[in-house]
Amino acid sequence: MFLKSDFLPKPMNRIFSDLAIFELEEALDLDFKDIQPICLPNPSHPIPKLYKVYGFGRTVRREEDSRVNMQLHWYYENNLLSRFACLRFPFTVRGCGGYFVTKRPIGDLRSACKGDSGGGLSAIVSGRHRLYGVVSYAVNYCDNKTEFSSVYVNVSFNHDFICYYTGICPMGYNVYLNSKYATYPEPVAAVGFALRRQSPIAIYFILIFFYCLII
């Protein structure tokens, strides 16, 4: 597993640490119905306004063992906050470029919830599903009494990291946002035993993400 060094577990890094690259020992079964391809977005293109969020987390508050909470669910999200609104949150001391923040109307029961971390924030652009974010952090899990906020790691913000270490470059092969990245790539942590420490949902979506990179 390749993990950006600034993703290593620290108090202020927890909402940035849900994106990693796995190198698999064996090829995936491309006929496996539960793993479908998804494309990476071009960071130079405008971001869409309507997204779909996936997860295996809770759907009902305080019912962790409910069978309905063990099934894949999704909902649409169209309330991405602007950069200006994002900066009002106390955890944005590192800026808002690295992630998206969403906010739902009061009383809306749909939300990312406990157990959804690692889920995808995707959108259909030009007829293709594209992965824009990864569920990382939520405030007021499953609580419909207050305005809800959830945080997603911005996949395009990590474009150069993905391009350099996988060779999959949405802007074109060996084309980087930072022209000096290929010469001075950021350091990574290579972890060989992390798979045993990851939750099933994190592994599931990391594998889906990796599948997207190799097709």
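With numbering that gives the first Met the number 0, letter number 206 in the sequence shown gets 205, and the count goes up by one each step, no holes. From the three backbone atoms N, C-alpha and C, an ideal C-beta is built for every residue, glycine too.
Residue i - DSSP class collapsed to helix/strand/coil
{"i": "T101", "result": "strand"}
{"i": "N157", "result": "helix"}
{"i": "Y74", "result": "strand"}
{"i": "C85", "result": "helix"}
{"i": "C95", "result": "coil"}
{"i": "C162", "result": "helix"}
{"i": "C38", "result": "strand"}
Residues that residue i bridges to, as DSSP identifies them
{"i": "G119", "result": "V133"}
{"i": "K48", "result": "BP columns for K48 are empty, so no partner."}
{"i": "C168", "result": "According to DSSP, C168 bridges with nothing at all."}
{"i": "Y175", "result": "Y175 pairs with nothing; no bridge assigned."}
{"i": "L79", "result": "T101"}
Cα-Cα separation between residue i and residue j, rounded to whole angstroms
{"i": "F88", "j": "G96", "result": "13 Å"}
{"i": "Q35", "j": "P186", "result": "30 Å"}
{"i": "S178", "j": "Y164", "result": "15 Å"}
{"i": "S135", "j": "G94", "result": "16 Å"}
{"i": "V152", "j": "Y98", "result": "4 Å"}
{"i": "G171", "j": "F83", "result": "31 Å"}
{"i": "A26", "j": "G117", "result": "22 Å"}
{"i": "D115", "j": "W73", "result": "10 Å"}
{"i": "Y180", "j": "D159", "result": "7 Å"}
{"i": "P169", "j": "C112", "result": "30 Å"}
{"i": "F21", "j": "L80", "result": "30 Å"}
{"i": "C85", "j": "F31", "result": "38 Å"}
{"i": "R57", "j": "S43", "result": "35 Å"}
{"i": "R129", "j": "N41", "result": "9 Å"}
{"i": "Y53", "j": "I37", "result": "13 Å"}
Within 8 Å, strictly: CB atoms of residue i and residue j
{"i": "L23", "j": "N157", "result": "no"}
{"i": "K102", "j": "Y75", "result": "no"}
{"i": "L120", "j": "V100", "result": "no"}
{"i": "Y175", "j": "C162", "result": "yes"}
{"i": "L29", "j": "I167", "result": "no"}
{"i": "V154", "j": "Y131", "result": "yes"}
Any C-beta of chain D under 8 Å from that of residue i
{"i": "C168", "result": "Reference to chain D is not applicable here, since this structure consists of a single protein chain."}
Any contact of the region 43 to 52 with the region 119 to 127, i.e. 3+ C-beta pairs under 8 Å?
In short, these stretches touch, since the Cβ pair count reaches three.
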